[in-house]
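Chemist: The structure's right below; bear with me while I get my questions together.
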Amino acid sequence: MCRWCHWVAACVLVCLAACRHAAVEPVCDSDGHCYRLTADAVISSPVAWDWDGDGIKEIVVSSWDGFFYLVDHRLRDLPGWPKWSGKGFFSSPALADLDTDGTPEMLVGSEAGRRFAWRFDGADVAGFPIDLGYPIWASPTVLDAQRIAIGDRSRMRVFDRDGQAAAGWPQPIEGWPDATAAAGRGILALTTLTPGDVSKGWIYAWRENGELLDGYPVELKMDSDSSPALADLDGKGKLWIIFGDDQGWLHVMDLDSRERAGFPVRSRGPKPGPTPTPHPPGGNVYSIEASPAVADLEGDGRYEIAVGSWDGRMYVWDDAGALRPGWPVVVENQIISSAALGDHFLIALQRA
Ligand SMILES: [Ca+2]
Ligand SMILES: [Ca+2]
Ligand SMILES: [Ca+2]
Ligand SMILES: [Ca+2]
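Residue 547 is where the sequence shown starts when you use the numbering used here, and the numbers rise one by one after that.
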């Protein structure tokens, strides 16, 4: 390499290192409402925790701009943060106290396929990052004993807290999980899709020791991006796996892969007025890509299932597959995020 070429290369590297930092200052108004511009989309859901013990929570959130942020309540970077990964992050962070010191570490998967685990001081947890070799959109699922479940292109993986494969794992899967695994009562459930081909998806269910349940996987007629919910709908100790698919069906299956009476039920599809553009191309406007939320909304002792669709409607079905009175509600755009159920009914919409 020529002498000046070395100089140019050094300048480029210095510039890359300096320019990389997303040093956009947060803006706060007099009411204390703050926002901060990132250089690319934030798909990730934030998680809050009071790491420094001052009574005010800090916030972790990742972005496609390449950064994983740890900020204070006024959105200011904490020392040693943010973290950088070349292709950024789609995945939402999860918290787990991997070293059992009483303070949770932050877990996230990157677009470049690496599973990170950081301490509050910014140090990597021993054994991390782990290279899964394919983009990670799913969020880590934290199991008992600080084990972490996450799928990659052909395997469902469960790691122990040192980043080593847990006994019985990984297990082979068809497709790739966009969705986050559901875990409860010793069961793990996961939906998968086929990158580049919307015609195939699967639902898997295992015991936490890696044993595949009889009747699983079930091949779906189209992709699924919907992270399953697990619920004991009848209060009799029998778990149901609840998830949507890209054909617009909401499934409720038992642990033998039998659909519950009254299910599956389907979204209504096209409606008058502007129709959201299905994604990916060839996708389906009926798609239920959001994750179902399950709660007894009216306090009558029976669960309802709330989930939105690409058709721009928010649905609430009862535990027998009947729409609840007043539902679905038409909204202005497709719904791909999951409802938060509390005293109020919350969903996030993409800008039209
Ligand atoms: Ca704090
Ligand atoms: Ca810890
Ligand atoms: Ca899809
Ligand atoms: Ca109810």
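Backbone N, C-alpha and C fix where the C-beta goes; we use that ideal spot for every residue, glycine too.
Because the structure is a prediction, the values reported are computed rather than measured.
Can you tell which of 589, 692, 753 has the C-alpha that lies nearest to the C-alpha of residue 716?
Modeler: Looking at the Cα atoms, 753 is the closest of the given residues.
Chemist: Which residue wins for smallest C-alpha separation from residue 800, given the options 769, 750, 847?
Modeler: When each option's Cα is compared against that of residue 800, the closest is 750.
Chemist: Take residue 735 and list the residues in its own chain whose beta-carbon comes closer than 6 Å to its own, dropping the five residues that flank it on each side.
Modeler: Around residue 735: 728, 751, 774, 787.
Chemist: Run the CB neighbour count on residue 503, radius 10 Å, all protein chains shown included, and call it buried at 16 or more, exposed below.
Modeler: The structure shown does not extend to residue 503, since the chain is modelled only from 547 to 898, so the question has no answer here.
Chemist: In whole angstroms, give me the CA-to-CA distance for residue 615 and residue 880.
Modeler: Their Cα atoms are separated by approximately 28 Å.
Chemist: Could you check the C-alpha separation between residue 659 and residue 571 for me, to the nearest Å?
Modeler: One C-alpha to the other measures close to 29 Å.
Chemist: Report all residues from its chain with a CB closer than 7 Å to the CB of residue 812; omit the five preceding and five following residues, and keep chain order.
Modeler: So the qualifying residues of the chain are 794, 795, 832.
Chemist: Please confirm if residue 776 has its CB atom under 8 Å from at least one CB of chain B.
Modeler: No chain B is part of this structure, which consists of one protein chain only.
Chemist: Ligand 2 and residue 604: does any heavy atom of the ligand fall closer than 7 Å to the residue's C-beta?
Modeler: No.
Chemist: Who pairs with residue 603 in a beta bridge, going by DSSP?
Modeler: Partner(s): none; residue 603 has no beta bridge.
Chemist: Could you pull out every residue in the same chain whose Cβ sits closer than 6 Å to the Cβ of residue 624, ignoring the five residues on either side in sequence?
Modeler: So the list reads 616, once near-sequence residues are dropped.
Chemist: Nearest CA to the CA of residue 861: which residue from 868, 610, 874, 867?
Modeler: Checking every option, the nearest Cα to that of residue 861 belongs to 874.
Chemist: Beta-carbon within less than 7 Å of residue 802's beta-carbon, same chain only, minus the 5 sequence neighbours each way: which residues are those?
Modeler: So the list reads 760, 761, once near-sequence residues are dropped.
Chemist: Drop a sphere of 10 angstroms on the beta-carbon of residue 835, count the other beta-carbons inside from all chains shown, and report buried for 16 or more, exposed for fewer.
Modeler: Residue 835 is buried by the Cβ-count criterion.
Chemist: If you reduce the DSSP assignment to three classes, tell me which class residue 692 lands in.
Modeler: Looking at residue 692 - three-state DSSP - the assignment turns out to be helix.
Chemist: Please name the residue in 876, 576, 646, 618 whose C-alpha comes closest to that of residue 530.
Modeler: Since the first residue of the chain shown is 547 and the last is 898, residue 530 is not available in this structure.
Chemist: Please name the residue, chosen from 681, 709, 684, 743, that lies closest to residue 671 on a Cα-to-Cα basis.
Modeler: When each option's Cα is compared against that of residue 671, the closest is 709.
Chemist: Going by beta carbon distance, what residues of the same chain come within less than 8 Å of residue 676, once the five residues before and after it are set aside?
Modeler: Result list for residue 676: 660, 661, 705, 709, in chain order.
Chemist: What's the gap between the Cα of residue 772 and the Cα of residue 764?
Modeler: Cα to Cα, residue 772 sits roughly 15 Å from residue 764.
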